[in-house]
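**Student:** Could you have a look at this structure, given as structure tokens, before my questions?
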Amino acid sequence: MPRLNLTYSTGIVLLALARGRRYGFDIMDASGLPDGTVYPALRRLEAAGMVESAWEDDETAKAEKRRPARRYYRLTAAGQQALASALARYPGLGRVLPADEAPEPGTAR
Amino acid sequence: MKETRGTRGGEAASDGQRLVGAALLIVGALSFAAPRATRAELRREWTGELVAWWRERAQRGETGIGWRLRLLARAVLVLGDAWTMRRLERGGVGTVAVERRRREISMRDLLSDLAIALRSLRRRPALATICVLTLALGIGATAVVTSLAWGLVLEPLDYPQPEKLVDVWPERWWSKELFERIRAEATSFEKVALWSASAHRLVGDDGGTILQGPVASAAFLEVLGRSVSAGRGLEPQDERPGADVALLTDEGLRRRFASSPHAALGRLLDLDGRRVEVIGVLPAGLDVLQRDAELVRPSELDPEGSDWDANYLHVVARLRDGVTVEAATAELGDLARRWGADRGWSEETIAEAGVVPLHDSLARSARPSMLLLLGAVLCVLLLAAANVANLLLARALEREREMRVRAVLGARPGRLLRQAWTESAVLALAGGALGTGVAVLGLPAVVDLLPQETPRLEHVALDGWSLVVAVVTTVGIALLVGLAPALHALRANLRPVAASVAGGGAALRARSALVVCEVTLAVLLTVAAGLLAKSFLRTMRTDLGVKTGGLLTFLHVPEADRFETPRELAAYYDGLRQSLAALPGVEGVAEAHALPIQNSGWTMEIYPQDRPPAVGEPRAWASWRPVSEGYFGLLGVPLLRGRGFTGVDTLGAPAIGILNRTGASRLFPDGDALGQRVEMPWDTGEPIEIVGVVEDARLKGARADVPTTLYRPYEQAVAKTHAQNLAWRSIVLRAAGEPRGLERQVRELVLSFDPRAAVDRVTTMDEVVAEDRAGPRLLLVLVGLFAGTGVLLGAVGIYGVLECLVRDRLRELAIRAALGASRRAVRGLVLRRSATIAGAGALLGGGLALLAGRLLESSLHQVSARDPYVFAAALAGAVAVALLAAWWPARRAGAADPGGLLRGE
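As they're listed, the protein sequences go chains W and X.
Per the numbering used here, residue 1 is the first one in the first sequence, and the count goes up by one each step.
Per the numbering used here, residue 1001 is the first one in the second sequence, and the count goes up by one each step.
Shown next, in the form of structure tokens:
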């Protein structure tokens, strides 16, 4: 497993996932992180085993709304741990991301 | 206009789909920045996200322009992610935080690039201004012309399945009788309808008014594929005589019933002397093929009716599923052969039978000039781009040294490239912003200048997309063009700092090539403008055969059914004429069925009494013009032979007529027309004796040929058809002073003479003539403007290149001078260079203009598209302007002081 340097923005991405954001754009919207950060962070976190991803069931997406499938992300156990240490390292992190309710799966905010 | 066409749900949805499609295209293109291994996966992920995101917006109705822009922004921003991932992959370990820092630095770079670009543009304000102005003109003109072309020529008709709508045998004027046959016999059409543009007299509480509205057979709406929005549509029983019903268009509903269908439905209108019931209301935005139409009336299809076999109608149809235009044309050919057999149609007539897509038929008149304008605008865009390239190349040359120093100090190639690009982007953006302004202000002005009867003119609106296309094109061109100096900078970067200025030669050659292009385009535009100008002058100088100055005209519509005999009608108009003539400031009054240029009037078959046409022989046609006593004198049409009309030429008297000169020589080529008799079956049917010959008048405008014209005394002219319409007359007044000054007096007098009469289309003959020239004039103004820009840019380009040349070679020139070359020789060197560039451009431009001749031909009047004088003038002009532009650099070269220069080195 490659070592991951736990930065502030990586922490935000982890936190957004923990709060129920499931999609890349969704995380960008929630975190306010600029373009060019979220996707690379997700890729790195996934490579480090802290995040896992899967494709929406293609058939459901198509049958429901006739749209292409989306890829969604969620935290692994290792990711939960990393988030805890990120929160310890950057105590202000929790305030960056508004603690609104986790949206229903499949809907954006 | 667009607003009136209404938005339908489906339209918005498909619009959104197009937008998402565009966003996905952007993502697809930008994803190439991502590392190859993950590219496909990322693209799929982003596609899913974008579509889902937009769907949610759409579900909440968040589809406004802000949201649309955000969608596009999202798509563009994936570039950031793709780019970062590529750099991470290349750079191995890195962190997001570090990436962010790098991005911030690049943001700072961008700002500094911007500052450098602005500074360097400010250093050459004249050139930068010219660049921005030409870009603005290019973008603005492109947006205006493409909007025009879209509205007039390209935009699909706003009907369901518009590609199935066809104009049936558009060259032919149909009769009701023939329409009955095609309706019964043709199998290619799902529905077929006849129609004719028409005007109606409505009498309301405040007197009579004229309103526009087509007369059409019952299936008209079905052919168009639309139905009424309230009430009922036209039914077959409405085609029977005496069915006094009408449909109101949205325009009519708005004007007459304050947009309330309830108030309108079932109401009786006093229309054309009958009580006509409003049975239905048409949806907003439905184009009923006649401008400003307020209603649609059913056509009476009565075999006993007086106009049963009169040819004055159009036929439109909707093709049956699976039937092509070619198949329908073939069928119509067969039908025409059958119909023509007992009508004596000639082979030529039968050969034209066919169907034309309705859209082509409506757009036909505007197409040639639109193509010409699109071509001209393309030249302007290219010119603008070449000019920007030229400016940037000049800048690159000047900065070569600076670039090299920066490269040696560690600036990366990409950085230098971007800086060169920033400059073009700044120019393009400034040009784009100004160009938008040009388009917004220019389009209404251009529409105003177009003849008002241009078909589909009401569909012209500034098209957002055409503006986007223009801006994107220019920015794209500017970026491409910016590549040249950037590459130059890069190459410079590779050379050692101490390298000689030899590279300047290559850049100078590149600039010379660009200037040759500019001159080429300028000459092309100048030739086009010159040809149009010559053609316009010919049009202006064409003798219309009518003295138009000081004439006020209006259409006078009395209650037609009040007059039981032609004598009564004649007495009514005699009275009106005398009252009008008695007004102070009025020098003369006359009436005509159709005014020169303004109305096409009716065309009827004509032949000498003793030489009726044989079966299958082409027929001769004449413009049929009933006029009152005094008409020829008032309009200044000289009587060449015989006599004019007088009060004795009444209905009981022998039928007489006056031919124009062309008609007299065509019908009686080897003899005197005077005293001969002609037959006009559509007139009263009696043989008509020719009692006079008048000079030709260009009744159809300066650009059309003079038709055979037969004038008839009004009282005798009781055509078999439309007897009622002969009550509608154009009245012409000669004013002692300004004709418009009489307008109020005339209206008051007419109303006091007959309170139920309607007065419409009050205008002057001079305005009628101006309207006839509006199209060519607009074309000339636009192309002339473009050509002027081209010449200016070409001159500026030549000047810039020579300046550069002289600066670069000042040393060499000084040495030459020191070695004894005369100033003249040195000046000659520079002038020769200028002449070479201009000559090459002029020849290329002239050649292109010869090739482009076909595009121009149909817009020219009495001028060949290869007019040698225009070509020679344009070419000579180009060389003259080039030498003028070279004069200052040449002087400077000649004045080079060898001593000072060599010392300065």
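Don't be surprised by glycine CBs; every beta carbon is placed ideally from N, CA and C.
A quick note: this is a predicted structure, and the numbers were derived from the prediction, not measured.
Would you tell me roughly how many angstroms separate the C-alpha atoms of V1426 of chain X and Q1419 of chain X, rounded to the nearest one?
**Tutor:** Between V1426 of chain X and Q1419 of chain X, the C-alpha separation is close to 11 Å.
**Student:** H1262 of chain X by DSSP, collapsed to three states: which one?
**Tutor:** It is helical.
**Student:** In this structure, does DSSP put S966 of chain X in helix, strand or coil?
**Tutor:** No information on residue 966 of chain X is available, as it lies outside the stretch 1001 to 1905 that chain X covers here.
**Student:** Any contact of the stretch 1317-1326 of chain X with the stretch 1296-1309 of chain X, i.e. 3+ C-beta pairs under 8 Å?
**Tutor:** The stretch 1317-1326 of chain X, when compared against the stretch 1296-1309 of chain X, does not touch it at the 8 Å Cβ threshold.
**Student:** Closer than 7 Å, Cβ to any Cβ of chain X: which residues of the stretch 16-31 of chain W, in chain order?
**Tutor:** Those residues of the stretch 16-31 of chain W that come within reach of chain X (Cβ to Cβ, closer than 7 Å) are Y23, G24 and F25.
**Student:** Determine, using beta carbons only, whether E1277 of chain X and L1211 of chain X come nearer to each other than 8 Å.
**Tutor:** Taking 8 Å as the Cβ cut-off, E1277 of chain X and L1211 of chain X do not qualify as a contacting pair.
**Student:** Alpha carbon to alpha carbon, how far is T1084 of chain X from E1099 of chain X? Give it in angstroms, no decimals.
**Tutor:** Residue placement at E1099 of chain X is flagged as unreliable, the pLDDT there being 45, under the threshold of 50; the coordinate-derived value follows with that caveat. Roughly 7 Å between the two C-alpha positions.
**Student:** Per DSSP, I1210 of chain X is paired with what?
**Tutor:** Paired residue(s): X:R1201.
**Student:** Are the Cβ atoms of R1740 of chain X and L1552 of chain X separated by less than 8 Å?
**Tutor:** Their beta carbons are under 8 Å apart, which means R1740 of chain X touches L1552 of chain X by this criterion.
**Student:** Give me the Cα-Cα distance between R1446 of chain X and L1372 of chain X, rounded to the nearest whole angstrom.
**Tutor:** Sequence inspection shows Val at residue 1446 of chain X; the Arg mentioned does not correspond to that position. Cα to Cα, V1446 of chain X sits roughly 15 Å from L1372 of chain X.
**Student:** Give the residues from the stretch 1126-1160 of chain X that approach chain W closer than 8 Å (Cβ to any Cβ), ordered along the chain.
**Tutor:** If the cut-off is 8 Å between Cβ atoms, the stretch 1126-1160 of chain X has nothing near chain W.
**Student:** Looking at the unbroken beta strand (DSSP E) that takes in P1298 of chain X, where does it start and where does it end?
**Tutor:** Note, P1298 of chain X: beta strand (DSSP E), L1295 to P1298.
**Student:** Would the C-beta of S1346 of chain X count as close to the ligand GTP, meaning under 7 Å from any of its heavy atoms?
**Tutor:** For the structure depicted, the ligand GTP is absent and the ligand set is empty, with no information on it obtainable.
**Student:** Residues of chain X with CB closer than 8 Å to the CB of R43 of chain W, please, in chain order.
**Tutor:** Those are T1038 and M1085, listed as they occur along chain X.
**Student:** Is it buried or exposed, V1020 of chain X, if we count other Cβ atoms within 10 angstroms and call 16 or more buried?
**Tutor:** Burial call: buried.
**Student:** Quick one: what does DSSP say W1728 of chain X is sitting in, helix, strand or coil?
**Tutor:** W1728 of chain X: coil per DSSP, three-state reduction.
**Student:** Sorted by chain position, which residues of the same chain lie with C-beta nearer than 8 Å to A1581 of chain X's C-beta, five sequence neighbours on each side aside?
**Tutor:** Excluding residues within five positions, the ones whose Cβ falls inside 8 Å are G1588 and V1589.
**Student:** Since P1357 of chain X is in the beta strand (DSSP E), which residue starts that stretch and which ends it?
**Tutor:** Taken as a continuous stretch (DSSP letters only), the beta strand (DSSP E) holding P1357 of chain X covers V1355 to P1357.
**Student:** If we count the other Cβ atoms within 10 Å of its Cβ and call it buried at 16 or more, is R1747 of chain X buried or exposed?
**Tutor:** Exposed, because fewer than 16 other Cβ atoms sit within 10 Å of the Cβ of R1747 of chain X.
**Student:** Counting only C-beta atoms, is R1055 of chain X closer than 8 Å to chain W at any point?
**Tutor:** Yes, R1055 of chain X lies at the interface with chain W (some Cβ there is under 8 Å from its Cβ).
**Student:** Note down the Cα distance separating A1522 of chain X from A1878 of chain X, rounded to an integer number of angstroms.
**Tutor:** When rounded, the distance between both Cα atoms is 8 Å.
**Student:** Between the stretch 63-85 of chain W and chain X, which residues of the former have a C-beta closer than 9 Å to a C-beta of the latter?
**Tutor:** Listed in sequence order: K65, R67, P68, A69, R70 and R71.
**Student:** Which of the three DSSP states, helix, strand or coil, is assigned to M1604 of chain X?
**Tutor:** Looking at M1604 of chain X - three-state DSSP - the assignment turns out to be strand.
**Student:** In whole angstroms, what is the alpha-carbon distance linking P1681 of chain X and L1844 of chain X?
**Tutor:** Their backbone Cα atoms lie some 58 Å apart in a straight line.
**Student:** Just checking: is the beta-carbon of P40 of chain W within a distance shorter than 8 Å of some beta-carbon in chain X?
**Tutor:** Answer yes: the Cβ-Cβ gap between P40 of chain W and chain X drops below 8 Å somewhere.
**Student:** Please classify M1540 of chain X as buried or exposed, where buried requires at least 16 other C-beta atoms within 10 Å of its C-beta.
**Tutor:** Looking at its Cβ environment, which holds fewer than 16 other Cβ atoms inside 10 Å, M1540 of chain X is exposed.
**Student:** By DSSP's criteria, A1193 of chain X is part of a beta bridge. Which residues make up the other side?
**Tutor:** In the DSSP output, where bridge partners are listed per residue, A1193 of chain X has X:V1316.
**Student:** Pick out the complete alpha helix (DSSP H) segments inside the stretch 1321-1373 of chain X, 4 residues or longer, and give them in chain order.
**Tutor:** Fully enclosed alpha helix (DSSP H) runs of 4 or longer: 1325-1341, 1347-1351 and 1358-1363.
**Student:** Buried or exposed, going by whether 16 or more other CB atoms sit within 10 Å of the CB of F25 of chain W?
**Tutor:** Buried, because 16 or more other Cβ atoms sit within 10 Å of the Cβ of F25 of chain W.
**Student:** Just the Cα atoms here: how many angstroms apart are A1735 of chain X and G1633 of chain X?
**Tutor:** If I take the Cα positions, the gap works out to 14 Å.
**Student:** To the nearest angstrom, how far is it from the Cα of G1233 of chain X to the Cα of G1847 of chain X?
**Tutor:** When rounded, the distance between both Cα atoms is 58 Å.
**Student:** Beta strand (DSSP E) containing T1142 of chain X: first to last residue?
**Tutor:** No beta strand (DSSP E) contains T1142 of chain X, which is instead part of the alpha helix (DSSP H) from P1125 to A1149.
**Student:** Tell me which residues share the same chain as L1912 of chain X and place their Cβ nearer than 6 Å to its Cβ, disregarding the 5 neighbours each side in the sequence.
**Tutor:** Residue 1912 of chain X lies beyond the range of chain X shown here (1001 to 1905); nothing can be said about it.
**Student:** In three-state DSSP terms, what is P1566 of chain X?
**Tutor:** Of the three classes helix, strand and coil, the one that applies to P1566 of chain X here is helix, per DSSP.
**Student:** Report the start-end ranges of each beta strand (DSSP E) in the stretch 1616-1675 of chain X that is 3 residues or longer and not cut off at the edges.
**Tutor:** The stretch 1616-1675 of chain X contains these whole beta strand (DSSP E) runs: 1621-1627, 1639-1642 and 1656-1660.
**Student:** Got a sec: is the Cβ-Cβ distance from D35 of chain W to anything in chain X below 8 Å?
**Tutor:** Yes, its Cβ sits closer than 8 Å to a Cβ of chain X.
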